[in-house]
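*Asks:* Attaching a single structure in structure tokens format; questions to follow.
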Amino acid sequence: MSQLAETLSGGRPQRISAAGRGPGRQAYWTLYLARFGKALLGICGTSVIWMLAVTTELGQIVDNFMMEALAPWSDGLGGIDQIVLWLVGETMIIAVGILSFAIVGWRRRWMLGWRSLAALLLTVITVQILKRDILTRPDLGITYDLPNSFPSGHTAGAVAVAVALIIAVSPYWRADFALAGGAWVSLVGIATVINSWHRPSDVIAAIIIAGTFALLFTPIEVSRRPQSRKANRIMRLLGVGGWLLLVVGVLATLVLTYRLAYSIPAVTSQHLVAWMENYAQVALVERSLAQIGVVSATSGTCFLVLRAIVKLAR
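Shown next as structure tokens:
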């Protein structure tokens, strides 16, 4: 195998085993606990988001207000948001699935292909079951009577596609794909909010759910080659940048929630919907907080989730 081919394929990474003694066993259990600990955290996080944003009156008001605050962006994007949303359709998911199998076939790592396919299918199916039968949206008279949208199937599909490629490619390229995938999934999630397809809570929950399945199916292994300086820089960027974005997003949402709690008029549900739509356009501070909250929280969550995947299989 030539030097170029070896770099591109990454060779055959070494699976860490629980058997034996020494540093290998310790590293295995560290990653093993990290995998299931983060997966459990994802389940708890999704439950908390649903309870706060979907089952409470104030949560529904804040969630819908944030969606209304991003709606005007659609006019200034020149159709870019529509192109982004088209790229997460069924055709693209099938195409990426075929590409992932082609990559693992070239690398002779067929089990990676089956793992990525399982994570993708379980993510898509689970999201639909949760949306239709389990994580229901109670009618609290906050918004229009529409079908439940929690969590977002489009965003979950985008994350699953990004994860499939991250798992399929060699360890040399995984950090690069995580960075590119994080940017792309963030655009998809934000685009669904801009077009009023989903509320922010739908998007963030979908990212977490897809990341949970990815953590469970990503193999625990290390490459024979040490991680490159470029990959280390990207991983630091994903970590530091992801946490900064997430903290900014959470703080902006908390401040927005506080301000809205003292601004909500005592009116009927029909007038409340009209008030939210109008207030999101005229209240500059609240609108800015909502926009910062959606963009920062979505991007930060996505970067941190994909970084966690790369850390398991590197």
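Position 59 of the sequence shown, counting from 1, maps to 59 under the UniProt record's numbering, and the rest follow consecutively. C-beta: ideal position from N, C-alpha, C; glycine also.
#1: Report the option in G45, Q281 and A118 whose CA atom is closest to the CA atom of T301.
#2: With a 10 Å radius around its C-beta and 16 neighbouring C-beta atoms as the bar for buried, classify N195 as buried or exposed.
#3: If contacts are defined as beta-carbon pairs under 8 Å, then G211 and V305 qualify, I think. What distance do you get, rounded to the angstrom?
#4: Check whether the stretch 51-64 touches the stretch 258-265, taking contact to mean three or more Cβ pairs, one atom from each stretch, closer than 8 Å.
#5: In the DSSP assignment, find the alpha helix (DSSP H) that holds A191 and state where it starts and stops.
#6: Since L215 and I309 should fall inside the 8 Å C-beta cutoff, what is the C-beta to C-beta distance between them, to a whole number of angstroms?
#7: Excluding the five sequence neighbours on either side, which residues of its own chain have a C-beta within less than 8 Å of the C-beta of F65, listed in chain order?
#8: Can you find the residues in the same chain that come closer than 6 Å, C-beta to C-beta, to L120, ignoring five residues on each side of it along the sequence?
#9: Restricting to Cα atoms, I'd like to know which of I43, W106 and T91 is closest to G157.
#10: Check R108 in the structure and name its three-state DSSP category.
#11: Closest by CA to L99, which one among I166, G293 and D133?
#12: Helix, strand or coil for W197, going by three-state DSSP, please let me know.
#13: May I ask you to report which of helix, strand or coil DSSP gives P23?
#14: Once you ignore the five residues that flank A71 on each side, which residues in its own chain have a CB closer than 7 Å to its CB?
#15: Is V173 buried or exposed, if buried means 16 or more other CB atoms sit within 10 Å of its CB?
#16: By the 10 Å Cβ neighbour count, where 16 or more other Cβ atoms means buried, how is F213 classified, buried or exposed?
#17: Distance check for G113 and I209, CA to CA, integer angstroms please.
#18: Considering only C-alpha positions, which residue in the set G42, L312, N148 and L284 is nearest to T136?
#19: Distance check for R35 and R21, CA to CA, integer angstroms please.
#20: Are L117 and I220 closer than 9 Å when you measure CB to CB?
#21: With DSSP run on the structure shown, which of helix, strand or coil describes V247?
#22: Below 7 Å CB to CB, which residues in the same chain sit around E68 once its five sequence neighbours on both sides are set aside?
#23: Which same chain residues end up closer than 7 Å to A252 when comparing Cβ atoms and leaving out the 5 residues on each side of it in sequence?
#24: If you drop the 5 nearest sequence neighbours on each side, which residues of the same chain put their C-beta closer than 8 Å to that of G152?
#25: Taking only three categories from DSSP, how would you classify T143?
#26: Just to confirm, are F150 and A39 a CB contact at a threshold of 9 Å?
*Replies:* Reading from the atomic positions:
#1: Taking the sequence shown and counting its residues from 1, the one referred to as residue 301 is at position 301. Out of G45, Q281 and A118, G45 has the C-alpha closest to the C-alpha of T301.
#2: In the sequence shown, the residue the question calls residue 195 occupies position 195. When all chains shown are included, N195 counts as buried.
#3: Numbered from its first residue, the sequence shown carries residue 211 at position 211. Numbered from its first residue, the sequence shown carries residue 305 at position 305. Between V305 and G211 the Cβ distance is about 4 Å, and since that is below 8 Å, they are a contact.
#4: yes
#5: Within the sequence shown, residue 191 is the residue found at index 191, counting from 1. P171 to I194 is the extent of the alpha helix (DSSP H) around A191.
#6: Within the sequence shown, the letter at position 215 stands for residue 215. Within the sequence shown, the letter at position 309 stands for residue 309. Rounded, the Cβ-Cβ distance is 7 Å, consistent with contact.
#7: Counting from one through the sequence shown, the residue named residue 65 turns up at place 65. Result list for F65: L256, L260, M276, Y279, A280, E286 and A290, in chain order.
#8: Position 120 of the sequence shown, counted from the first residue, corresponds to residue 120. Excluding sequence neighbours, L120 sits near A160 and A164.
#9: Locating residue 157 in the sequence shown gives position 157, where the first residue counts as 1. Checking every option, the nearest Cα to that of G157 belongs to T91.
#10: In the sequence shown, counting from the first residue as 1, residue 108 sits at position 108. Reduced to three states, the DSSP call for R108 is coil.
#11: As a first step, residue 99 is located in the sequence shown; it is residue number 99 there, counting from the start. For the residues I166, G293 and D133, the minimum Cα distance to L99 belongs to I166.
#12: To locate residue 197, count along the sequence shown from 1; it is residue 197. It is coil, neither helix nor strand.
#13: In the sequence shown, the residue the question calls residue 23 occupies position 23. For P23, the predicted structure reports a pLDDT of 44, less than 50, and the residue's modelled location is therefore unreliable. The matter cannot be settled from this model.
#14: Residue numbering aside, residue 71 sits at position 71 when the sequence shown is read from its first letter. Result list for A71: I194 and S196, in chain order.
#15: Here residue 173 refers to the residue found at position 173 when the sequence shown is read from its first residue. In the sequence as displayed, the identity of residue 173 is Trp instead of Val. W173 is buried by the Cβ-count criterion.
#16: The residue given as residue 213 occupies position 213 in the sequence shown. F213 should be labelled buried.
#17: Along the sequence shown, one-based indexing puts residue 209 at 209. Along the sequence shown, one-based indexing puts residue 113 at 113. Approximately 20 Å between the Cα atoms of the pair.
#18: Here residue 136 refers to the residue found at position 136 of the sequence shown. Among G42, L312, N148 and L284, the Cα nearest to that of T136 is on N148.
#19: Within the sequence shown, the letter at position 21 stands for residue 21. Within the sequence shown, the letter at position 35 stands for residue 35. Per-residue confidence for R21 stands at a pLDDT of 49, beneath the threshold of 50, marking its modelled position as unreliable; no derived number is given.
#20: Within the sequence shown, residue 117 is the residue found at index 117, counting from 1. Within the sequence shown, residue 220 is the residue found at index 220, counting from 1. No, they are not a contact pair.
#21: Within the sequence shown, residue 247 is the residue found at index 247, counting from 1. Helix.
#22: By one-based count along the sequence shown, residue 68 stands at place 68. Closer than 7 Å at the Cβ level, and outside the excluded window around E68, lie M276, E277 and A280.
#23: What you label residue 252 is simply residue 252 of the sequence shown in a count that begins at 1. Taken in chain order, the residues that qualify are L289, I292, G293 and S296.
#24: The count along the sequence shown starts at 1 and reaches residue 152 at position 152. Checking the sequence, you will find Ser at residue 152 rather than Gly. Result list for S152: V127, G189, T192, W197, H198, D202, V203, A205 and A206, in chain order.
#25: As a working note, residue 143 is residue 143 in the sequence shown. Here T143 sits in coil by DSSP.
#26: Here residue 150 refers to the residue found at position 150 when the sequence shown is read from its first residue. Here residue 39 refers to the residue found at position 39 when the sequence shown is read from its first residue. Not a contact, by the Cβ cut-off of 9 Å.
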